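Notes follow once the structure below has been shown.
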Amino acid sequence: MSRNLPVLVAALLFAAGYGLCATQYPAFLTTRVVGNLLTDGAFLGIVAVGTTFVIIAGGIDLSVGSVVGFTTVFLALAIERWGIPPLAAFGIVLAAAGLFGAAMGALIHVFDMPPFIVTLAGMFLARGAGFLLSTESVPINAPLYGAVSDLSLSLPGGGRLTLTAGIMLGVFLVGGVVLRATRFGATVYALGGSRQTTALMGVRVGRNIVAVYALSSLLAALAGIVFSLDTASGTPLSAVGVELDAIAAVVIGGTLLSGGQGGLLGTFLGVMIGGLIQTAITFDGTLSSWWSKIATGLLLFAFIALQQGSVALAGRSGRRARASAGATVVRPAEARA
Amino acid sequence: MSDTPLLSVRGLSKSFAGHQALAGVDFTLRRGEIHALLGENGAGKSTFIKTLTGIVRRDAGAVWLDGVAIAPRSAEESARAGIATVYQEVGLLPNLTVAQNLFLGREPTRFGLVRGRAMRQRTSERLAEFGLAIDVGAPLGSFPVAVQHLVAIARAVDLSARALILDEPTASLDTHEVTVLFGVMRRLAERGIGIVFVTHFLEQVYAITDRITVLRNGRLVTERETAFFPRLDLVRTMLGHDIAEEEARSETAPRAQRIGAGPPVLRAERLGKVGYLRPVDMTVARGEVVGLAGLLGSGRTETARLLFGAERPDQGRILLDGRPTRIANPRDALRHRLGYCPEERKTDGIVADLTVRENIVLALQARKGPFRPLSRAAQDRITRDFIAKLDIRPPDPERPIGLLSGGNQQKALLARWLATEPRLLILDEPTRGIDVGAHAEIIRLIRSLCDAGLALLVISSELEEIVTYSDRVIVMRDRAQVAELADGAIDVTAILRAIAAEAPAPVPEPA
Chain C
396 MSRNLPVLVA ALLFAAGYGL CATQYPAFLT TRVVGNLLTD GAFLGIVAVG
446 TTFVIIAGGI DLSVGSVVGF TTVFLALAIE RWGIPPLAAF GIVLAAAGLF
496 GAAMGALIHV FDMPPFIVTL AGMFLARGAG FLLSTESVPI NAPLYGAVSD
546 LSLSLPGGGR LTLTAGIMLG VFLVGGVVLR ATRFGATVYA LGGSRQTTAL
596 MGVRVGRNIV AVYALSSLLA ALAGIVFSLD TASGTPLSAV GVELDAIAAV
646 VIGGTLLSGG QGGLLGTFLG VMIGGLIQTA ITFDGTLSSW WSKIATGLLL
696 FAFIALQQGS VALAGRSGRR ARASAGATVV RPAEARA
Chain F
-13 MSDTPLLSVR GLSKSFAGHQ ALAGVDFTLR RGEIHALLGE NGAGKSTFIK
37 TLTGIVRRDA GAVWLDGVAI APRSAEESAR AGIATVYQEV GLLPNLTVAQ
87 NLFLGREPTR FGLVRGRAMR QRTSERLAEF GLAIDVGAPL GSFPVAVQHL
137 VAIARAVDLS ARALILDEPT ASLDTHEVTV LFGVMRRLAE RGIGIVFVTH
187 FLEQVYAITD RITVLRNGRL VTERETAFFP RLDLVRTMLG HDIAEEEARS
237 ETAPRAQRIG AGPPVLRAER LGKVGYLRPV DMTVARGEVV GLAGLLGSGR
287 TETARLLFGA ERPDQGRILL DGRPTRIANP RDALRHRLGY CPEERKTDGI
337 VADLTVRENI VLALQARKGP FRPLSRAAQD RITRDFIAKL DIRPPDPERP
387 IGLLSGGNQQ KALLARWLAT EPRLLILDEP TRGIDVGAHA EIIRLIRSLC
437 DAGLALLVIS SELEEIVTYS DRVIVMRDRA QVAELADGAI DVTAILRAIA
487 AEAPAPVPEP A
């Protein structure tokens, strides 16, 4: 019950926020705003799915923003300068990112290094590699890009569900199934509970840690592809600080930063709440867009306080249960034996 | 079935850094028996378990399970071979559900997806065999420790354990939970599983075990059937007291001359905590040494921790100099001028990298708070004083304390508390792990401190020692106060008898 509380609060907050906006700006009741919200949140959403896995597994991945940046530059150069077909370039960059993440995971597991440091190093590496390829923005003119930007599903009421929004929703759906209904997903939660205990229970911890970081980098590269599709260009400066936005969305969505608890529904709400604030500020037109950062900061504080509160509450009720344990444990037939 | 024992251990040995922790121990576990493994601190119980299950590598010896020689190299390998261990810390994941814990790593799947319903169904069935009807979809952490233990045992048994080692599973359980656990243990034994049961509770040993193996100082002392092993014999065996030896000692043990005890400094009335310590009553007066005797885990350290505020009592009260006083945490205790030298000198006491001086002034500085630093001159004066008074060697205040011998570390720790001018000092095993010469010196010190008007509460497993310096002895057993011996009646035999006395069936604690 209490473990679902943060998600519930996030959902209520989103609904209330949306309702409030709708009373101010009736346009919020159109599918157009809904579609835009999804499209705007697409790229951050995909990154945040990977971040959710990493955080639930008890880790952190600071490199994802840089991986997005590297991906956009790489794609621009590969398609425009080196003449690689876009789809092949996508494949190459996804594979490279997967390997990059796997390498970070291997370092974290084999040398028992703190994920914070390893992925911080990865962040500098990937960002540096992006600048090495090109220091400036490179436009992409490939026909595929033009075609894709037109690709969308019309929603009743004039809104559009773009391809990128669709990809994000797909990633959330598949991610949710993997997390909730596979052995790998169960192991991710187990790792966040305690790596040592998980190992003692006979689970091969190493390969799962490697897989988690590989997945995070892979999704970051996918987000980079989406980003480049949206902007039709590549720049090494893109997506600076996105790793922190992703962490914020994950935490607002109720996932414990210490690992072991949380889920993707919460993360989705976390991304959407961020998008909602941004959209509301755009509609208002007079507020500086930086107010969205301040709002996010305040929300983070509030949610962390909420989590601590509910954790403390759970601890207390657990102890109460202990004190009155006898009654709940067993049927009377056992007591004798 | 065949006559080969389920588990047979011969000549198991292990030494750490030259110290023989386990010396040629033999152990036999039969099918369907519950076998107590007993011993005091340093007897080698945990080394035995760790060596047996491959957590540490054995130096010599052989292990046969069902007649097959095994040499596991990790807890996991050992579990796969058929020997599973459930420790006091449950070793499962509180954030996963009960079902996930039972099936982690071997979940039933179809097309790569976990069959959650089937998994929960099977979990419910397994646990029902243990008489446990709980919501297996709820997180494990939301259940009491007793249930978590049962789930851990269920997992071990489900992983086809034939020998089950339960390492102090009952330490934090209440009376009813223990009954439930015993029911499960008996049922498993009926199924032919052999159970090694490690505990500090003598009542439980006699309530459930078939045989007893006693270790002492890393050696096998004896193996006997529980029914033919009288309590007094068992306690003597565990503590290493031969009867003849003991009588000789009790005649020669010198009893120091006592000056009359002053007014009571500390008085505890019905001080206790549910599931931790049954209510105790005690007083300690100025110029008096009160000894706390009992087996390991009998509640001695627990008493000290309650008095010092390291654990919060939920019943009873403490009076200091006759006034009721609330001691909510160790800082309060310090403020009221209580001192506590804990048992684990290395982990809870000294800060090895700091100098003797820094270690000595630590508690005094802590009491004064960070904004009133002791001047360097004052620190030097205090340190010099105590080095001279307690004869700490080498007499170098700037030497890292980790480089001193155990006895001198202990003296420096004493100095730390004496520097705070306490009215009551609690010493937990003050002579553990220090050589014989230093032993005598510490004992002499305890006496002289007491003669100087300090009130002392001393916990020790060394009964001769307690007898030597105590004015009164409080005897603990199974987390309860069972006797108080006053001046004339204090001798080793009396203490042994009090520890071993057949207890009336323990009164269930008020929840």
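Quick mapping for you: the protein sequence lines, in order, are chains C and F. According to the working numbering, the stretch in the first sequence is residues 396 to 732, in order. According to the working numbering, the stretch in the second sequence is residues -13 to 497, in order. Ideal Cβ placement from N, Cα and C applies to all residues, glycine included. Treat the numbers as computed from the prediction; the structure is a model and nothing was measured.
{"Check": "Range of the contiguous beta strand (DSSP E) that encloses A501 (chain C)", "Outcome": "No beta strand (DSSP E) contains A501 (chain C), which is instead part of the alpha helix (DSSP H) from 481 to 505."}
{"Check": "Proximity test, Cβ basis, 8 Å: G619 (chain C) and chain F", "Outcome": "no"}
{"Check": "Partners in chain F for Y584 (chain C), counting only beta-carbon separations shorter than 9 Å", "Outcome": "L79, N81, L82, Q86"}
{"Check": "Proximity winner among F:E163, F:H162, F:A149, F:V266, relative to F183 (chain F) (alpha-carbon distances)", "Outcome": "F:A149"}
{"Check": "Rounded separation between L400 (chain C) and G649 (chain C) - CA only", "Outcome": "8 Å"}
{"Check": "Per-residue contacts from A65 (chain F) into chain C (C-beta, under 8 Å)", "Outcome": "G597"}
{"Check": "Members of the stretch 560 to 586 of chain C near chain F, C-beta cut-off 7 Å", "Outcome": "A576, T577, R578, A581, Y584, A585"}
{"Check": "Span of the beta strand (DSSP E), counted from its first residue to its last, around H21 (chain F)", "Outcome": "20 to 24"}
{"Check": "Cβ-based burial, A424 (chain F) [other Cβ within 10 Å; buried from 16]", "Outcome": "buried"}
{"Check": "Short CB-CB distance (under 8 Å) between G98 (chain F) and chain C", "Outcome": "yes"}
{"Check": "8 Å Cβ shell around Q673 (chain C) - same chain, five flanking residues per side excluded", "Outcome": "D435, S684, S687"}
{"Check": "Rounded Cβ spacing between A398 (chain F) and I378 (chain F) (contact assumed at less than 8 Å)", "Outcome": "6 Å"}
{"Check": "Within-8 Å CB hit, G601 (chain C) to chain F", "Outcome": "no"}
{"Check": "Whole-angstrom distance between G445 (chain C) and L610 (chain C), CA atom to CA atom", "Outcome": "6 Å"}
{"Check": "Within 9 Å of chain F by C-beta, residues of the stretch 645 to 678 of chain C in sequence order", "Outcome": "L651, G654, G655, Q656"}
{"Check": "Y420 (chain C) - DSSP class collapsed to helix/strand/coil", "Outcome": "coil"}
{"Check": "First through last residue of the beta strand (DSSP E) which encompasses G285 (chain F)", "Outcome": "Counting along the chain, G285 (chain F) falls outside any beta strand (DSSP E), and DSSP gives it neither H nor E."}
{"Check": "Exposed unless 16 or more other CB atoms sit within 10 angstroms - verdict on F448 (chain C)", "Outcome": "buried"}
{"Check": "For V200 (chain F), the residue or residues it bridges with in DSSP", "Outcome": "F:L24, F:T208"}
{"Check": "is_contact[T447 (chain C), chain F] using C-beta, thresh 8 Å", "Outcome": "no"}
{"Check": "Inter-residue spacing [alpha-carbon to alpha-carbon] between V72 (chain F) and I485 (chain F)", "Outcome": "28 Å"}
{"Check": "Beta-carbon contacts of A474 (chain C) that lie in its chain and below 6 Å, excluding the five residues immediately before and after", "Outcome": "Going by the sequence as given, residue 474 (chain C) is Ile instead of Ala. Within the same chain, I474 (chain C) has close Cβ partners P481, A484, I535, A537."}
{"Check": "When F:L435, F:D414, F:S361, F:T311 are compared against D334 (chain F), the one with the closest alpha-carbon", "Outcome": "F:D414"}
{"Check": "Three-state secondary structure (DSSP) of S611 (chain C)", "Outcome": "helix"}
{"Check": "Limits of the unbroken beta strand (DSSP E) element including E531 (chain C)", "Outcome": "Where E531 (chain C) is concerned, there is no enclosing beta strand (DSSP E), given that its DSSP letter is neither H nor E."}
{"Check": "Residue from C:G500, C:T530, C:S628 whose Cα sits closest to the Cα of A516 (chain C)", "Outcome": "C:G500"}
{"Check": "Any non-hydrogen atom of the ligand FAD within 7 Å of L(-2) (chain F) CB", "Outcome": "Looking for the ligand FAD in the displayed structure turns up nothing, as the structure carries no ligands at all."}
{"Check": "Proximity to L218 (chain F) [Cα-Cα], best of F:L206, F:T195, F:E255, F:L188", "Outcome": "F:L188"}
{"Check": "CB contact below 8 Å: G588 (chain C) versus chain F", "Outcome": "yes"}
{"Check": "6 Å Cβ shell around I479 (chain C) - same chain, five flanking residues per side excluded", "Outcome": "A473"}
{"Check": "Contacts around L376 (chain F), its chain only, beta-carbon distance under 7 Å, and the 5 residues preceding and following it disregarded", "Outcome": "K397, L400, A401, L431"}
{"Check": "Cβ contact (3+ pairs, closer than 8 Å) linking the stretch 168 to 184 of chain F and the stretch 131 to 145 of chain F", "Outcome": "yes"}
{"Check": "Test item: CB-CB of V200 (chain F) and G439 (chain F) under 8 Å", "Outcome": "no"}
{"Check": "Three-way DSSP call (helix, strand, coil) for D414 (chain F) in this model", "Outcome": "strand"}
{"Check": "Simplified DSSP assignment, three categories, for V49 (chain F)", "Outcome": "strand"}
{"Check": "Among C:A443, C:G440, C:A498, C:Y420, nearest to G601 (chain C) - alpha-carbon criterion", "Outcome": "C:A498"}
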